[in-house]
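What follows is a single structure, written as structure tokens, with notes after it.
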Amino acid sequence: MTDEDAVILNAVVAPGHDGAAELVVSLRHPNGGLETVALDAELGFHLMKSCGVASAADLPGKPWRRILEGL
Amino acid sequence: MYDIVIRGGLVVDGSGEAGFKADVAIQDGKICEIGQGLAAGRREIDAQGRVVAPGFIDPHTHFDVQLLWDGAAKPALEHGVTSIVPGNCSLSLAPLKAADRKAVIGMFQQIEEMPPEAFTIAFDWTWEDFAGYRDAIARTLSVNVAPLVGHSVIRLFVMGPAAQERTATPAEIAAMQDLLRECLEAGAVGLSTSFVDVDENGRPVPSRFADSDELDALCAVLGEFDRMLQVVPEFYATDITIARIDQLAELSLKHKIPTTFSPLFDSRGNGDNAPRAIARVEEQFARGARVWPQMQTRPIDLSFSLLRPSLFFARLPRWVRVLRQPLAERIAALKDPQTSAQMIEDAGPDGGLAMLGSLVLRGGDAAPPELTGQTLAQIAEARGQGCARALIDLSLEHGLDVAFLAASLGHEDTARIGPMLAHPLVHIGASDGGAHLASFATYGDTGYLFSEFVQKGHLSLEAAVKKITSDTADIWGLKNRGRLAPGWAADVVVFDAQGLARGEERPVFDMPGGGMRYTRDATGVDTVLVNGQVAYADGAYTDARSGVICT
Numbered sequence: 000m001t002d003e004d005a006v007i008l009n010a011v012v013a014p015g016h017d018g019a020a021e022l023v024v025s026l027r028h029p030n031g032g033l034e035t036v037a038l039d040a041e042l043g044f045h046l047m048k049s050c051g052v053a054s055a056a057d058l059p060g061k062p063w064r065r066i067l068e069g070l
Numbered sequence: 000m001y002d003i004v005i006r007g008g009l010v011v012d013g014s015g016e017a018g019f020k021a022d023v024a025i026q027d028g029k030i031c032e033i034g035q036g037l038a039a040g041r042r043e044i045d046a047q048g049r050v051v052a053p054g055f056i057d058p059h060t061h062f063d064v065q066l067l068w069d070g071a072a073k074p075a076l077e078h079g080v081t082s083i084v085p086g087n088c089s090l091s092l093a094p095l096k097a098a099d100r101k102a103v104i105g106m107f108q109q110i111e112e113m114p115p116e117a118f119t120i121a122f123d124w125t126w127e128d129f130a131g132y133r134d135a136i137a138r139t140l141s142v143n144v145a146p147l148v149g150h151s152v153i154r155l156f157v158m159g160p161a162a163q164e165r166t167a168t169p170a171e172i173a174a175m176q177d178l179l180r181e182c183l184e185a186g187a188v189g190l191s192t193s194f195v196d197v198d199e200n201g202r203p204v205p206s207r208f209a210d211s212d213e214l215d216a217l218c219a220v221l222g223e224f225d226r227m228l229q230v231v232p233e234f235y236a237t238d239i240t241i242a243r244i245d246q247l248a249e250l251s252l253k254h255k256i257p258t259t260f261s262p263l264f265d266s267r268g269n270g271d272n273a274p275r276a277i278a279r280v281e282e283q284f285a286r287g288a289r290v291w292p293q294m295q296t297r298p299i300d301l302s303f304s305l306l307r308p309s310l311f312f313a314r315l316p317r318w319v320r321v322l323r324q325p326l327a328e329r330i331a332a333l334k335d336p337q338t339s340a341q342m343i344e345d346a347g348p349d350g351g352l353a354m355l356g357s358l359v360l361r362g363g364d365a366a367p368p369e370l371t372g373q374t375l376a377q378i379a380e381a382r383g384q385g386c387a388r389a390l391i392d393l394s395l396e397h398g399l400d401v402a403f404l405a406a407s408l409g410h411e412d413t414a415r416i417g418p419m420l421a422h423p424l425v426h427i428g429a430s431d432g433g434a435h436l437a438s439f440a441t442y443g444d445t446g447y448l449f450s451e452f453v454q455k456g457h458l459s460l461e462a463a464v465k466k467i468t469s470d471t472a473d474i475w476g477l478k479n480r481g482r483l484a485p486g487w488a489a490d491v492v493v494f495d496a497q498g499l500a501r502g503e504e505r506p507v508f509d510m511p512g513g514g515m516r517y518t519r520d521a522t523g524v525d526t527v528l529v530n531g532q533v534a535y536a537d538g539a540y541t542d543a544r545s546g547v548i549c550t
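Those protein sequence lines, which keep their order, are chains W and U.
Under numbering that gives the first Met the number 0, the residues of the first sequence are numbered 0 to 70, in order.
Under numbering that gives the first Met the number 0, the residues of the second sequence are numbered 0 to 550, in order.
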């Protein structure tokens, strides 16, 4: 992780528009900007795997760019 | 003598003004007179102790295909909904060339979860143009229909397969403009588009290949008719939603059109989403733009089965590992005593009671029907098991095709959502009626508005009625609907203000081919009139077919 990476601040499971569980990920960008993105199951599990965590609770602190790995 | 007199009810006329006790006389499909002591009608409806209001209008539905065999859009009508807007989210059933039907069916199945039989055995395709579809549904309507035309199908009609490959040429854009113009002249009330949806193969729907020039050109045609642009924005990301609000505002200002986007909902983990979007909408309205956010009333339930990996288990590492395996390996792992024992251990020292006990068995799947509606805690107790063990074993006993529901996990905080629904710039809608058939019931949002938000004081009775009648009609430009006033269409609902609500969700098998969907009955609705004819009364639908294509 570099100083130029966005960092995951929080990850919460919530129901999406279609009733499926989503992973709502809060991010902090290097410029201080905050952003929230909801991921579907496929992307959510992909993010967890890419970050090397087995639980969404372990995502905070991981670099957001890991989501790009393997896509 | 009038055709019908609704006598002695509390008239809440859709204006937002205080209700008043009066009779409502109907003649030739229209409201004729409102006052006390009116002359007799050939049919008298006793409304003592009841509210008499304009029929409710649902601005976001996907009843496009159901209307071909069910002109009442059941159960919408029994909930007091007398007018619906289908054709949302870039998808409609016209204009559509015969060669493109399969592609559009796939999109409907993917996005709205409609069974294939709904498109193959329930009706004959007799049309390609919008007027043909309009005529096909108009013959047996019990509800009024204000149809949108879908951007994706317009694109497909003009470009064929290239609609899902590239941007359009100037000539193609001009052809789309002509086609949209033809649809609007044939009764479409606007254009719908989507920035997020995919087809059954995971490819973006055609509307997502449009560039800004194309959308601008189509909005120019909408401007000729002062018609609506409906949009599905990237609702999973607040910042992009706000960018879309700005884009819609520019289109609204440039072409002098109303625009609306949906869904907008309050999400756990992103409490700023709806407030930020509404704040941006306020800024854009202050500039003169019309960008109406649609917000649903009902809370969002979370549902899952062990057939597919669900993020519901995202905080349980061993469950995640097991459920992400291919089906055969997943079943083997669940059957393995050591693995399942570890999973149960993860669920907590109480065997999963606190974490899983309130899950509800949904029904409509492979599970025994008698278990439908029971909580996992109840089922586990009856089985003499802990909750996690019961979930695993019950799923294994039925090929993992057992769906569970965690109720009201999103958009569920009445204290937060009530003020948003009451906001003058928030458009109550986004019900998705007729869609998501196998996931949840998209009916009864109007009843829930009253049973939850009026009963708890977030909106007055009159304000709630206004929100889903005259406000909706005004936003969409539906003429002579949404109010009880002399000369206006006699779309009327008679209901019990205290009892109006939605029933429990339940599976039914009434789709073509015996297909399943989840539905909800209405409670508290006595009588529903559409264009002056009684379409629903005393718990039953009538033979009235008085619905029209309304514009």
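Glycine included, each C-beta is placed from N, C-alpha and C at the ideal position.
* Asked: For a contact meaning CB atoms closer than 8 Å, what does arginine 314/U contact in chain W?
  -> Around arginine 314/U, the beta-carbon contacts reaching into chain W at under 8 Å are Val12, Ser54, Ala55 and Ala56.
* Tell me, which residues are paired with aspartate 266/U by DSSP? -> Per the sequence shown, residue 266/U should be read as serine rather than aspartate. According to DSSP, serine 266/U bridges with Asn269/U.
* Sort out for me which residues DSSP pairs aspartate 490/U with in a bridge. => According to DSSP, which records beta bridges pairwise, aspartate 490/U is partnered with nothing at all.
* To do: Indicate the three-state DSSP secondary structure (helix, strand or coil) for glutamine 163/U in the structure shown.
  => Correct three-state label for glutamine 163/U: helix.
* Separation of alanine 219/U from aspartate 27/U, as counted between CA atoms -> Aspartate 27/U and alanine 219/U have their C-alpha atoms spaced approximately 38 Å apart.
* **Span separating the alpha-carbon of valine 612/U from that of proline 308/U** => Residue numbering for chain U in the displayed model covers 0 to 550; residue 612/U lies beyond these limits and cannot be assessed.
* Asked: When the Cα atoms are used, what is the spatial distance from histidine 28/W to proline 262/U?
  -> Taking the CA atoms as reference points, histidine 28/W sits about 26 Å from proline 262/U.
* Three-state secondary structure assigned by DSSP to glutamate 127/U -> Looking at glutamate 127/U - three-state DSSP - the assignment turns out to be coil, as it is neither helix nor strand.
* Can you tell me whether DSSP reads valine 359/U as helix, strand or coil? -> In the displayed model, valine 359/U falls within a strand according to three-state DSSP.
* Using a Cβ cut-off of 9 Å, which residues of the segment 59-70 of chain U contact any Cβ in chain W, in chain order? -> Within the segment 59-70 of chain U, no residue has a Cβ that lies closer than 9 Å to any Cβ of chain W.
* phenylalanine 107/U: contacting residues in chain W (beta-carbon distance under 9 Å) -> When 9 Å is used as the limit between beta carbons, phenylalanine 107/U is near no residue of chain W, the shortest such separation being about 14 Å.
* Tell me which same chain residues have a C-beta within less than 6 Å of the C-beta of lysine 478/U, skipping the five on either side of it? -> Excluding the 5 residues flanking it on each side, lysine 478/U has no same chain C-beta neighbour closer than 6 Å.
* Asked: If you compare alpha carbons, which of Ala174/U, Arg501/U, Glu111/U and Trp68/U is closest to aspartate 198/U?
  -> Put simply, of Ala174/U, Arg501/U, Glu111/U and Trp68/U the residue whose alpha carbon is nearest the alpha carbon of aspartate 198/U is Glu111/U.
* Consult DSSP for arginine 202/U and reduce its assignment to one of helix, strand or coil. => In this structure, arginine 202/U counts as coil in the three-state DSSP scheme.
* **Collapsed DSSP secondary structure at aspartate 569/U in the structure displayed** => Since the first residue of chain U shown is 0 and the last is 550, residue 569/U is not available in this structure.
* To do: Would you identify the three-state DSSP class for aspartate 400/U, choosing helix, strand or coil?
  => If DSSP states are grouped into helix, strand and coil, aspartate 400/U belongs with coil.
* Residue environment, serine 339/U, which counts as buried when at least 16 other CB atoms sit within 10 Å -> By the Cβ-count criterion, serine 339/U is buried, with 16 or more other Cβ atoms from all chains shown falling within 10 Å of its own Cβ.
* To do: Consult DSSP for valine 188/U and reduce its assignment to one of helix, strand or coil.
  => Coil, per DSSP.
* Asked: Are the segment 101-108 of chain U and the segment 130-141 of chain U touching by the rule of at least three beta carbon pairs closer than 8 Å?
  -> At 8 Å Cβ cutoff, the stretches do not touch.
* Reducing DSSP to helix, strand and coil, say where glycine 498/U ends up. => Glycine 498/U: coil per DSSP, three-state reduction.
* List, in order along the chain, the chain U residues whose C-beta lies closer than 7 Å to that of methionine 30/W? -> It should be noted that the sequence gives asparagine, not methionine, for residue 30/W. Ordered by position in chain U, no residue passes the 7 Å Cβ test against asparagine 30/W, which lies about 13 Å from the chain.
* To do: Find out if the Cβ-Cβ distance for the pair leucine 135/W, alanine 10/W is shorter than 8 Å.
  => Residue 135/W lies beyond the stretch modelled for chain W, which goes from 0 to 70, so this question has no answer here.
* Would you say histidine 45/W faces chain U, with C-beta separation under 8 Å as the test? -> Histidine 45/W does not count as touching chain U.
* To do: Return yes when the Cβ of arginine 275/U is within less than 8 Å of the Cβ of isoleucine 241/U, no when it is not.
  => In contact: isoleucine 241/U and arginine 275/U (Cβ atoms closer than 8 Å).
* **Cα-Cα separation between cysteine 386/U and leucine 408/U, rounded to whole angstroms** => When rounded, the distance between both Cα atoms is 19 Å.
* To do: Determine which residues of the segment 293-309 of chain U have a Cβ less than 8 Å from any Cβ of chain W, and write them out in chain order.
  => Listed by position, the residues of the segment 293-309 of chain U near chain W (Cβ gap below 8 Å) are Ile299, Asp300, Leu301, Ser302, Phe303, Arg307, Pro308 and Ser309.
* Opposite alanine 20/W in the DSSP bridges: which residues? -> DSSP output for alanine 20/W lists Pro14/W as bridge partner(s).
* What in chain U is Cβ-close to glutamate 34/W, meaning under 9 Å? -> Within chain U, the residues near glutamate 34/W are Ala236, Thr237 and Asp238.
* Using a beta-carbon distance below 8 Å, is aspartate 4/W in contact with chain U? -> Chain U contact via Cβ: absent.
* To do: Compare the C-beta of proline 506/U with all C-beta atoms of chain W and state if any pair is closer than 8 Å.
  => For proline 506/U, the answer is no, since every Cβ of chain W falls outside 8 Å of its Cβ.
* **Extent of the continuous beta strand (DSSP E) to which leucine 33/W belongs** => Here the beta strand (DSSP E) through leucine 33/W covers 33-38.
* **CB contact below 8 Å: glutamate 68/W versus chain U** => When Cβ-Cβ separations below 8 Å define contact, glutamate 68/W makes no contact with chain U.
* To do: Check whether the segment 413-422 of chain U touches the segment 29-46 of chain U, taking contact to mean three or more Cβ pairs, one atom from each stretch, closer than 8 Å.
  => No, they do not touch.
* Is the Cβ of leucine 8/W closer than 8 Å to any Cβ of chain U? -> The C-beta of leucine 8/W comes no closer than 8 Å to any C-beta of chain U.
* **Proximity winner among Ala496/U, Gly502/U, Glu461/U and Asp495/U, relative to arginine 482/U (alpha-carbon distances)** => Comparing alpha carbon positions, the residue from Ala496/U, Gly502/U, Glu461/U and Asp495/U closest to arginine 482/U is Glu461/U.
* Asked: Got a sec? Which residues, its chain only, sit under 6 Å from threonine 296/U by beta carbon, not counting five neighbours each side?
  -> The residues are Asp444, Tyr447 and Leu448.
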